[in-house]
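Below is one structure, written out as structure tokens; comments come after it.
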Ligand SMILES: NC(=O)c1ccc[n+]([C@@H]2O[C@H](COP(=O)([O-])OP(=O)(O)OC[C@H]3O[C@@H](n4cnc5c(N)ncnc54)[C@H](O)[C@@H]3O)[C@@H](O)[C@H]2O)c1
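Residue numbers (this note's numbering): 605 to 1048.
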């Protein structure tokens, strides 16, 4: 089938590459000319395991093309996937300017029947707005072309995006048109083979499902963070509590890891946008507001532990920081906890020596060269001359480090662990000071 993908970011590029891999002819359109020029030369703008090989083979087969030509994009695909960003606006609502911009582009060039698929995360009612926008432009042009607008939210996880797209837990399709539903079922058939994962529903429910999923996951994490803060004040160990509750199948072990807060391009903005949508229709979303508030506070917990340990004197202290990306296996630093920690340390006069396996360039892009930031290309290098080590991202390579080396290299053997990677008893036996999240006397 012929598919056009609007937006070549995490979602658009993965969707395009995976659909091309199963034999479709895909054209990816982006307004970022530099990104498209790079993609044409095989340069992948993001770090996502498995994506580069998939894009390369799609490109070589001629089934995956990249363009900035809007008219060509509308002319190409029976399916027009909207995969552009929906960041938060100043009130926390989803900013739909890019989504509606694509709708206008489609309206400007629409001739034959097209299925417009909303894959971006968008508030309930957006499919209607996309439809109205396309129709408005068609009316202005005096063209009577047919089209349909479908909601098909994406649930892939950064760092595992290709695998998630290829083997989805579910494929949510929101439409009231049975013919369109059948066409989408056919497109998704290669990803839906072992058992039927396609959930057909009305458009509004599909739109809300995406926000419900992210808000639920953000709530689970936040609940554990709140409990961790209680645990460390009452002398309990949240890791033992985690196992104790995870063993209950109604609760489960997934997504109950305490830490220094969630970040990324989705949870923070989606919780905020869902709360804003609820408020707009006169409902006070108290739980969602609390999740957002508790998470913002949690992102400062590591800094507060560091500040307390050094008696509030952070001027000219050097902190080694392991992990910059908002989670492992990505270079995405949107709303990353590392940013909150680094900025708080800088404000207090401290210097940061940071290491991340893949997010170095992204950190340069965000902060540029500055005297209080040294970006290292090895984890050990970040420790040299540092007063303490802080860990923010649970990359695999941080899981079993050489503790003797850490102890020897740091000026003071103290570790602030925002992801509870180590056994407190082990570090204590090695003569190291270890602060984790919600672990017994780690506050003392
Ligand atoms: N990143 C994730 O893990 C993830 C997962 C599920 C859903 N989502 C949702 O998918 C959407 C896209 O997220 P992302 O992380 O891929 O975004 P992104 O910022 O990585 O990419 C968006 C791309 O859209 C392009 N763009 C903007 N306006 C355009 C236009 N008019 N025409 C063509 N291209 C245009 C931008 O240049 C950019 O390359 C968001 O709504 C997000 O919430 C993201």
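Positions of the beta carbon are idealized from the N, C-alpha and C atoms, including for glycine.
One question on the structure: do residue 859 and residue 821 come within less than 8 Å of each other, judged by their Cβ atoms?
Yes, the Cβ-Cβ distance between residue 859 and residue 821 is below 8 Å.
Rounded to the nearest angstrom, what separates residue 1040 and residue 622 at their Cα positions?
The alpha-carbon atoms of residue 1040 and residue 622 are separated by roughly 40 Å.
Can you find the residues in the same chain that come closer than 7 Å, C-beta to C-beta, to residue 784, ignoring five residues on each side of it along the sequence?
For residue 784, where only same-chain residues beyond five positions count, the Cβ hits under 7 Å are 719, 752 and 754.
Determine the DSSP secondary structure at residue 969, reduced to helix, strand or coil.
Here residue 969 sits in helix by DSSP.
Examine ligand 3 and report whether any of its heavy atoms sits within less than 7 Å of the Cβ of residue 616.
The model on display carries ligand 1 but not ligand 3.
In this structure, how does DSSP classify residue 645 when only helix, strand and coil are distinguished?
Reduced to three states, the DSSP call for residue 645 is coil.
Our contact map puts residue 790 next to residue 687 with C-beta atoms below 8 Å; I'd like the distance itself, whole angstroms only.
The pair is not a contact, with the Cβ atoms about 20 Å apart (cut-off 8 Å).
Tell me whether residue 617 is buried or exposed, calling it buried when 16 or more other Cβ atoms sit within 10 Å of its Cβ.
So residue 617 ends up on the buried side.
Beta-carbon within less than 6 Å of residue 1007's beta-carbon, same chain only, minus the 5 sequence neighbours each way: which residues are those?
Closer than 6 Å at Cβ, skipping near neighbours: 1034.
In three-state DSSP terms, what is residue 759?
Reduced to three states, the DSSP call for residue 759 is coil.
Take residue 826 and list the residues in its own chain whose beta-carbon comes closer than 7 Å to its own, dropping the five residues that flank it on each side.
Within the same chain, residue 826 has close Cβ partners 895, 898 and 899.
Is the distance from the Cβ of residue 709 to the Cβ of residue 678 below 8 Å?
It is a contact, given that the beta carbons lie within the stated cut-off.
With 16 as the cutoff for other CB atoms within 10 Å, does residue 942 come out buried or exposed?
Buried, by the Cβ-count rule.
Identify every residue that forms a DSSP beta bridge with residue 922.
Beta-bridge pairing links residue 922 to 955.
Excluding the five sequence neighbours on either side, which residues of its own chain have a C-beta within less than 6 Å of the C-beta of residue 747, listed in chain order?
For residue 747, where only same-chain residues beyond five positions count, there are no Cβ hits under 6 Å.
CB residue 873 to CB residue 692, shorter than 8 Å?
Yes, Cβ-Cβ distance for residue 873 and residue 692 is below 8 Å.
So what's residue 911 in DSSP terms, helix, strand or just coil?
Helix, per DSSP.
Is residue 1048 helix, strand or coil when you go by DSSP?
Here residue 1048 scores only 41 on pLDDT, less than 50, and its place in the model is too uncertain to base an answer on.
Specify whether the region 878 to 892 and the region 945 to 959 touch according to this definition: at least 3 beta carbon pairs, one from each stretch, less than 8 Å apart.
These segments do not touch.
How about residue 962 and residue 993: do their beta carbons lie closer than 8 Å?
Going by C-beta atoms, residue 962 is not nearer than 8 Å to residue 993.
Assuming residue 802 contacts residue 796 under a Cβ cut-off of 8 Å, what Cβ separation, rounded to an integer in Å, is found between them?
With a Cβ gap of about 6 Å, residue 802 and residue 796 count as contacting.
On the three-pair Cβ rule with 8 Å, is the region 757 to 765 touching the region 728 to 735?
With a cut-off of 8 Å, the region 728 to 735 and the region 757 to 765 do not count as touching, because too few Cβ pairs lie within range.
Looking only at its own chain, which residues have a Cβ that is under 6 Å from the Cβ of residue 1028, when we skip the five neighbours before and after it?
Cβ neighbours of residue 1028 beyond the five flanking positions: 1038 and 1043.
Mind checking whether residue 721 and residue 750 have CB atoms under 8 Å apart?
Not closer than 8 Å, so no.
First and last residue of the alpha helix (DSSP H) that includes residue 614?
Start and end: 614 to 625.
Using the C-alpha atoms, what's the distance from residue 634 back to residue 610?
In a straight line, the C-alpha of residue 610 is about 6 Å away from that of residue 634.
According to the Cβ coordinates, are residue 870 and residue 818 closer than 8 Å?
Yes, the pair counts as a contact, with Cβ atoms nearer than the cut-off.
Where does residue 671 sit, in a helix, a strand or coil, going by DSSP?
Reduced to three states, the DSSP call for residue 671 is strand.
From residue 626 to residue 779, what distance separates their C-alpha atoms?
Rounded to the nearest angstrom, the two C-alpha atoms are 24 Å apart.
Hey, is the region 977 to 997 in contact with the region 925 to 937, meaning 3+ C-beta pairs nearer than 8 Å?
Output reads yes: the region 925 to 937 touches the region 977 to 997.
Output the distance between the C-alpha atoms of residue 786 and residue 792, rounded to the nearest integer angstrom.
Spanning the two alpha carbons is a distance of roughly 10 Å.
So, under 8 Å CB-CB, residue 923 and residue 990 are touching, yes? Tell me the CB distance rounded to an integer number of Å.
Indeed, because the Cβ distance is near 6 Å, the residues count as touching under 8 Å.
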